[in-house]
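Chains as they are written, first to last, in the working numbering: chain A, 1 to 528; chain B, 1001 to 1528.
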């Protein structure tokens, strides 16, 4: 019996397509289908697929160590980046990922001080949406009973004519169409608000888009809502990085709010930079809603949007010749290899950075401080000698000692000035890269389905015409993937150039300041 | 029964002074005196006092955990510096000293690599002369039966008229007379020599004094012989620092020989700088002997020198009014406090230096190396992207990675360029300061004895005239101690100025080089 459908209740109408072995259901109906040997029945999976947020409580009950969900349970303390671990070929990566988890906590602590470690409640928050829409496609393909779902939803669908929802493409090669002026926004001015006569308090951030220059207010949960909408609608084509972690304890501490704001800014900047996302109705609503009513109506509309999941590809129609499926597969493989290698590289850098951060804020400054104290100590002993004329030496020794104490402070403060940004950028990329296995998974599933084309035609399951349509649509998907990869690469090159410049600039300033301080300390000693 | 005199044989003639309760003995006689309740009989102590090196085997048998010698046994793994531990008020210092011992080994290892730790054989070498002549005086004073020995040897002795052996004093205040040209010497060119058809091999160093500019050769054991002579003759007035440690294993390894040479150079330079030592017959013999015969004859003469121990003060006659004994005592106390405080300060700096050395040669460069590798790793991942036009970024990332690897090497090599000299200087001072408790002990004992003067006169043990002589001689001793302290202070000021200059100069160069390298790495990134 399916793990879910014991209590499965149809939450939304669904009209089956004839010949697809689907079931037309109506909201409110309770369905129990027990004719499958697989753990998941089609209907449940389909419902989960379309409305993941509704399946929450059912999943919490159903999940256990032996079912496919356990993959997510296992990495629930990490984040989306660790979905590599779900891949069978990812054993080593999975290990590396779990290593990262522990060190990530270290960085987290280093950043935010003690008392703010990842706790069970955060785990639960995270668990609420541990899956990505597209990952379901991969899962679905493992169950023969569901072979007509997944990317087939798009590959074989009868598509409506494209309307205003159409995603525009660039004119040369597989690139998105970029707007002339890039959208930007500033997240600032976090303010504490309260509801229910002060019983419930929250932080509201002010977001000012460069287009209107008119600020709007949003709470973290609004960002989360936006994230869910973007993930649902664009997740198959565009990797939507997770929001900065939810945090339950110490939510109102200044340091935490500052950090969250900084990370929300990073997330928003990345979304603004994406031509598809920044141009989308839901994103524009988030940035430019006029009043509460406008926001509420927009929300309702977005939540009812049916062009979600793989159907997003139906809004793309590249003005380019169809791609050779073999080439498509190779490109897909290449992207997969690259994002995975980069994921490893980024995690490696993060691990090293964690350790360096710890050393720079822990034992190293303590040591410089002790050197400084030892010099000053010697200086005060010398002062007690009763010998005339050693004031120059003792003053110089004291100054040298103080210089090393200053260096201690500089060393301890430096990571916030340089390593911080290197870590933040890599953390962001870790999150982003963590979305790729899902995004790429949709494409791989589509290619696999296309490869079955001849067999399906021979078995009379699809018509030769439908096979041709599939080829065209796989090509469209690949075109979108390439556009997205090109977007990713150009952003990556910019981001890494920028963050390395910033890092090295600060490092140079750090070492130059130390050299200058020591030069001054040196000048006070004399052997004349 | 005395621990020693069971087999005590008189090795040198001694003529007792009448009324001093002394015994005239002749070489070869065997004496057993058992009328003392103390553990040490007068004659044994006196013999030990005059000819410590002869008492060696007897002491080895006699020493056990409960007798006064145990103090030296306990710190035999350290060195002379730890003789502070012998003081009853030195409990804390003793602890600090023993802490230092363990960390000193660390530094030792850090310097000379593994396999060269202090072993039992070195301990034994050290044990051979664990005592300082002057320490005996302190010991002696604890035994009523020996009240006429110790500094009294000089305080009440009938002194011969001063001959050419007289130690000259400076003309203004309590200072030694410094030569117009300071003696200097270069220890260089260590060569392996062998004896007995190659069965026995040794290292011979070439020592070239600035006066003759003619090199002489000496083995370590000759330095050791010189040290023993200087200690015996001048130890009560001038702290003679120990030679660099003896080492049994790996004696011929290049690194060790270089290190020993450097330390012998340091020791010789310090001896050359001391006006009394550098002008002494035995030191001049060591530096300027003409041939083997000249050396052998000089050696024999030096070994027969009888103006040793406290008698060295008989060669000093300051042209200054006698000092007030109260003032003498205060000065002595001040020197004692100062040298002790400085000893603590120096040890503190050494401990901190040890740890810093370890970090700089251990975890820190490893970390920079890992940062460098992580950058290079990311660079090679980026190269695999297949995306056009990111060569600038990947080249820059590789260069940045290599820069951090270079920094790793620099960090690991830096301690040899700066911390090394700071450590060596402080190690030297640690050794030197370790001699002060003994030197100062002689003076304290003399003052105590002088304070008993009235009682001794009343008891008819000494004449009023002898009491006046005692006062004059205590004053002479104090004058010598002040001259020595002035010598110590001026050298200390010079040495610490010089070593701090060197240290900071190298530190500045180190940080400037890093800043320059990073600046070059920075210039390769571009966000244009």
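Glycine residues also receive a C-beta, built at the ideal position from the N, C-alpha and C atoms.
Model, not experiment: these values are computed from the prediction.
Task: Residue from B:1422, B:1522, B:1496 with nearest C-alpha to residue 1403 of chain B - done: Position 403 of the second chain, counting from 1, holds the residue named residue 1403 of chain B. Of B:1422, B:1522, B:1496, the residue nearest in Cα terms is B:1522.
- [ ] At 3 residues or longer, and completely inside the stretch 1166 to 1246 of chain B: list those beta strand (DSSP E) runs for me, N to C.
- [x] 1185 to 1195, 1200 to 1209, 1216 to 1219
Open item on the list: Based on DSSP bridge pairs, tell me the residues matched to residue 1316 of chain B.
Closed with: Residue numbering aside, residue 1316 of chain B sits at position 316 when the second chain is read from its first letter. Answer is B:1167, bridged to residue 1316 of chain B.
Task: C-beta neighbour in chain A for residue 1265 of chain B, strict 8 Å - done: On the second chain, residue 1265 of chain B is found 265 positions in, with the first residue counted as 1. No, no contact with chain A.
TODO: Using the Cα positions of residue 1278 of chain B and residue 1485 of chain B, report the straight-line distance between them to the nearest angstrom.
DONE: Translated into the one-based positions of the second chain, residue 1278 of chain B becomes position 278. Translated into the one-based positions of the second chain, residue 1485 of chain B becomes position 485. Computed Cα separation, rounded: 17 Å.
- [ ] Since I believe residue 1440 of chain B is in contact with residue 356 of chain A (beta carbons under 8 Å), could you give me their beta-carbon distance rounded to a whole number of angstroms?
- [x] Taking the first residue of the first chain as position 1, residue 356 of chain A is located at position 356. Taking the first residue of the second chain as position 1, residue 1440 of chain B is located at position 440. The pair is not a contact, with the Cβ atoms about 49 Å apart (cut-off 8 Å).
Task: Residues of the stretch 1374 to 1392 of chain B whose Cβ lies closer than 7 Å to any Cβ of chain A, in chain order - done: 1374, 1377, 1378, 1381, 1384, 1385, 1386, 1387, 1390
Task: Own chain residues within Cβ distance below 7 Å of residue 1396 of chain B, not counting five before or after - done: Residue numbering aside, residue 1396 of chain B sits at position 396 when the second chain is read from its first letter. Take residue 1396 of chain B, set aside five residues on each side of it, and the residues of its chain with a beta-carbon closer than 7 Å to its own are 1524, 1525, in chain order.
TODO: Anything in chain A within Cβ reach of residue 1217 of chain B, meaning under 7 Å, just list it in chain order.
DONE: As a first step, residue 1217 of chain B must be located in the second chain, where it is residue number 217. Per Cβ cutoff of 7 Å: no residues; residue 1217 of chain B is ~32 Å from chain A at best.
Open item on the list: So that I know if they touch, is there some Cβ in chain A lying closer than 8 Å to that of residue 1410 of chain B?
Closed with: Position 410 of the second chain holds residue 1410 of chain B. Chain A contact via Cβ: absent.
TODO: Starting from residue 1262 of chain B, trace the alpha helix (DSSP H) both ways and give me its first and last residue.
DONE: For the purposes of this step, residue 1262 of chain B is taken as the residue at position 262 of the second chain. Looking at the DSSP string, the run of the alpha helix (DSSP H) that includes residue 1262 of chain B is 1254 to 1273.
Task: CA-to-CA distance, residue 1259 of chain B to residue 1289 of chain B, given in whole angstroms - done: Counted from its first residue, the second chain places residue 1289 of chain B at position 289. Counted from its first residue, the second chain places residue 1259 of chain B at position 259. Whole-angstrom Cα-Cα distance: 26 Å.
TODO: Using a Cβ cut-off of 8 Å, pull out every chain B residue sitting near residue 203 of chain A, in sequence order please.
DONE: Against the first chain, residue 203 of chain A aligns to sequence position 203. Here the premise fails: no neighbours, minimum Cβ distance about 32 Å.
Task: Partner residues on chain A for residue 1361 of chain B, Cβ-Cβ distance less than 7 Å - done: Mapped onto the second chain, residue 1361 of chain B falls at position 361. Those within 7 Å of residue 1361 of chain B in chain A number zero; the least Cβ separation is about 13 Å.
- [ ] Could you check if residue 518 of chain A is buried or exposed, using at least 16 other CB atoms within 10 Å of its CB as the buried criterion?
- [x] Taking the first residue of the first chain as 1, we reach residue 518 of chain A at position 518. Burial of residue 518 of chain A is indicated by the presence of at least 16 other C-beta atoms within 10 angstroms of its C-beta.
Open item on the list: So residue 400 of chain A contacts chain B; which residues on that side make the cut at Cβ distance below 9 Å?
Closed with: Position 400 of the first chain, counted from the start, is the residue given in the question as residue 400 of chain A. The answer, in chain order, is 1500, 1503, 1504.
Task: Chain-ordered chain B contacts of residue 521 of chain A [CB-CB under 7 Å] - done: By 1-based counting over the first chain, the position of residue 521 of chain A is 521. Here the neighbours are 1504.
Open item on the list: Taking a contact to mean a Cβ-Cβ separation below 8 Å, would you say residue 1399 of chain B touches residue 500 of chain A in this structure?
Closed with: In the second chain, the residue the question calls residue 1399 of chain B occupies position 399. In the first chain, the residue the question calls residue 500 of chain A occupies position 500. Cβ distance not < 8 Å, so residue 1399 of chain B and residue 500 of chain A don't count as in contact.
Task: Neighbour list for residue 1421 of chain B in chain A, Cβ cutoff strictly below 7 Å - done: For this step, residue 1421 of chain B is matched to residue 421 along the second chain. Residues of chain A with a Cβ closer than 7 Å to the Cβ of residue 1421 of chain B do not exist; the shortest Cβ-Cβ separation is about 13 Å.
Open item on the list: Using a Cβ-Cβ cutoff of 8 Å, what residues of the stretch 1334 to 1346 of chain B are near chain A? List them in chain order.
Closed with: 1334, 1337, 1338, 1341, 1342, 1344, 1345, 1346
- [ ] Determine, using beta carbons only, whether residue 1538 of chain B comes closer than 8 Å to chain A.
- [x] Given a span of 1001 to 1528 for chain B in the structure shown, any question on residue 1538 of chain B remains unanswerable.
TODO: Would you mind stating whether residue 1205 of chain B and residue 1261 of chain B have Cβ atoms separated by less than 8 Å?
DONE: Numbered from 1 along the second chain, position 205 holds the residue referred to as residue 1205 of chain B. Numbered from 1 along the second chain, position 261 holds the residue referred to as residue 1261 of chain B. Note that the C-beta distance between residue 1205 of chain B and residue 1261 of chain B is below 8 Å.
Task: Buried/exposed call for residue 312 of chain A, threshold 16 Cβ in 10 Å - done: Locating residue 312 of chain A in the first chain gives position 312, where the first residue counts as 1. Flag for residue 312 of chain A reads buried.
- [ ] In the DSSP assignment, find the unbroken alpha helix (DSSP H) run with residue 1337 of chain B in it and report its ends.
- [x] Your numbering for residue 1337 of chain B matches position 337 in the second chain. Residues 1325 to 1361.
TODO: Could you tell me the distance, in whole angstroms, from the CA atom of residue 1263 of chain B to the CA atom of residue 339 of chain A?
DONE: Residue 1263 of chain B sits at position 263 when you count from the first residue of the second chain. Residue 339 of chain A sits at position 339 when you count from the first residue of the first chain. Going from the Cα of residue 1263 of chain B to the Cα of residue 339 of chain A covers about 58 Å.
TODO: Tell me, please, whether the CB atom of residue 1175 of chain B is closer than 8 Å to any CB atom in chain A?
DONE: Translated into the one-based positions of the second chain, residue 1175 of chain B becomes position 175. It does not: the Cβ of residue 1175 of chain B has no partner Cβ on chain A nearer than 8 Å.
Open item on the list: Quick check for students: name the residue ranges of the alpha helix (DSSP H) that lie wholly in the stretch 439 to 527 of chain A, counting only runs of 4 or more.
Closed with: Look at the stretch 439 to 527 of chain A and you find these whole runs of alpha helix (DSSP H), each 4 residues long or longer: 453 to 458, 464 to 523.
- [ ] Give the single residue among B:1266, B:1326, B:1302, B:1294 whose Cα lies nearest to the Cα of residue 1280 of chain B.
- [x] Taking the second chain and counting its residues from 1, one reaches residue 1280 of chain B at position 280. It is B:1302.
- [ ] Could you confirm whether any beta carbon from chain A is found closer than 8 Å to the beta carbon of residue 1294 of chain B?
- [x] For the purposes of this step, residue 1294 of chain B is taken as residue 294 along the second chain, with counting starting at 1. So, not an interface residue.
Open item on the list: For a cutoff of 8 Å on Cβ pairs, would you count residue 84 of chain A as touching chain B?
Closed with: Translated into positions along the first chain, residue 84 of chain A becomes position 84. Unreliable placement is indicated for residue 84 of chain A, whose pLDDT of 42 sits below 50; no coordinate value is reported for it.
Task: Own chain residues within Cβ distance below 6 Å of residue 1405 of chain B, not counting five before or after - done: The residue labelled residue 1405 of chain B in the question sits at position 405 within the second chain. Cβ within range, chain order: 1369, 1372.
Open item on the list: So residue 1569 of chain B and residue 374 of chain A are supposed to be a Cβ contact under 8 Å. How far apart are they, rounded?
Closed with: Here chain B has residues from 1001 to 1528 only, and residue 1569 of chain B is not among them.
Open item on the list: Considering only the alpha carbon of each residue, which of A:243, A:271, A:361, A:515 lies closest to residue 530 of chain A?
Closed with: An answer regarding residue 530 of chain A cannot be provided, because it is not within the stretch 1 to 528 covered by chain A.
Task: As assigned by DSSP and simplified to three states, the class of residue 63 of chain A - done: Translated into the one-based positions of the first chain, residue 63 of chain A becomes position 63. Caution applies to residue 63 of chain A, whose pLDDT of 34 falls short of 50 and renders its modelled position unreliable; the value that the coordinates give is listed next. It is coil, neither helix nor strand.
- [ ] Output the boundary residues of the alpha helix (DSSP H) element that contains residue 404 of chain A.
- [x] Counting from one through the first chain, the residue named residue 404 of chain A turns up at place 404. It spans 391 to 417 - the alpha helix (DSSP H) in which residue 404 of chain A sits, taken as one unbroken run.
Task: Cα-Cα separation between residue 1377 of chain B and residue 434 of chain A, rounded to whole angstroms - done: Locating residue 1377 of chain B in the second chain gives position 377, where the first residue counts as 1. Locating residue 434 of chain A in the first chain gives position 434, where the first residue counts as 1. The alpha-carbon atoms of residue 1377 of chain B and residue 434 of chain A are separated by roughly 19 Å.
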